[in-house]
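Heads up, the thing below is written out as structure tokens.
Residue numbers (the numbering used here): 2 to 81.
The structure is reproduced here in structure tokens:
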């Protein structure tokens, strides 16, 4: 396990479906200084959506994620 950075521009708490989608969406927008924190180690931190991180790829692809559309519809990313 790597050390947790002391500073980051974005800290997302919870590696469930919403946390993973948010980090993935921000990465596609060009954000790089981010930390995703969860109570357990990935890929199965033990939450209700513990396997959500299994579909997050370290590579940025051209596929549109359904979750990013859901985030836009729910205005969770209206500030971005």
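For every residue, glycine included, the Cβ atom is placed at its ideal position computed from N, Cα and C.
Cβ neighbours of residue 36 within its own chain (closer than 8 Å, five residues either side excluded): 5, 6, 9, 11, 12, 13. Residue 39 and residue 15 do touch by the CB rule: their CB atoms are close to 6 Å apart, below 8 Å.
When secondary structure is reduced to three states using DSSP, residue 37 falls in the strand class.
Straight-line measurement puts the Cα of residue 23 at about 11 Å from the Cα of residue 32.
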